[in-house]
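Student: Encoded as structure tokens, here's the structure I'll be asking about.
In the UniProt record's numbering, the protein residues as written are 1 to 206.
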């Protein structure tokens, strides 16, 4: 009787081991299939599903598969990495589009002279008008012929036309710097067109 009992237990344990091995092989094969066909869904479930509720949410071929902490850590790291990459890309794209939108179509006096959409001028009978009127430079001569109809009576009028849009105002650099520092919506384009020095005359020996 004892020998029969021992033989029965050995046979039962052997069958259980074979059955468990077969089950493990089936789960492994199903897991490999899930990796290629359902990896996205599997990652979501393993990240957001509690261990005791895995079998209720996983597909049938994964209902017997386990979800160890290491798997959840890897899935969480992957989603965090994806979130960082997407956020960085979105921020850089927004910054790039903002720079493109704020970039001025006029970067120099040559750009101003070549286009016709933006009108430009200076103060009538001022030093800036005299510069363009007397200049022998081809670009400045062409600009003078264009700006004759867009002269203003004062710097204030010229700045007001710039703020209204579609107009560029040419005046002395010190005056431009003063206005730009106090009106953030305005900007100075290009460098100096000309440079002149001023002095004070006094009697000899004084």
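Positions of the beta carbon are idealized from the N, C-alpha and C atoms, including for glycine.
Does DSSP put residue 121 in a helix, in a strand, or in coil?
Tutor: Strand at residue 121.
Student: CA-CA distance, residue 28 and residue 84?
Tutor: The predicted model places residue 28 with a pLDDT of 49, which falls under 50 and marks its position as unreliable, so this point remains unresolved.
Student: Would you mind sorting residue 166 into buried or exposed? The rule is 16 or more other CB atoms within 10 Å of its CB.
Tutor: So residue 166 ends up on the exposed side.
Student: Starting from residue 140, trace the alpha helix (DSSP H) both ways and give me its first and last residue.
Tutor: Unbroken alpha helix (DSSP H) run through residue 140: 138 to 147.
Student: May I ask you to list the residues that DSSP assigns as paired with residue 77?
Tutor: None, per the DSSP bridge assignment.
Student: With residue 167 as the anchor, note down where its beta strand (DSSP E) starts and where it stops.
Tutor: Here the beta strand (DSSP E) through residue 167 covers 167 to 169.
Student: Who are the near neighbours of residue 171 in its chain, counting only those whose CB is closer than 7 angstroms to its CB and skipping five residues on each side?
Tutor: Only 122, 123, 128, 155 and 158 meet the Cβ criterion.
Student: Where residue 105 and residue 168 are concerned, what is the direct C-alpha to C-alpha distance, given to the nearest angstrom?
Tutor: One C-alpha to the other measures close to 12 angstroms.
Student: Assign residue 178 to buried or exposed, taking buried as 16 or more other Cβ atoms, counted over all protein chains shown, within 10 Å of its Cβ.
Tutor: Exposed.
Student: With a threshold of 16 other CB atoms inside 10 Å of the CB of residue 132, please say whether the residue is buried or exposed.
Tutor: With 16 or more other Cβ atoms within 10 Å, it is buried.
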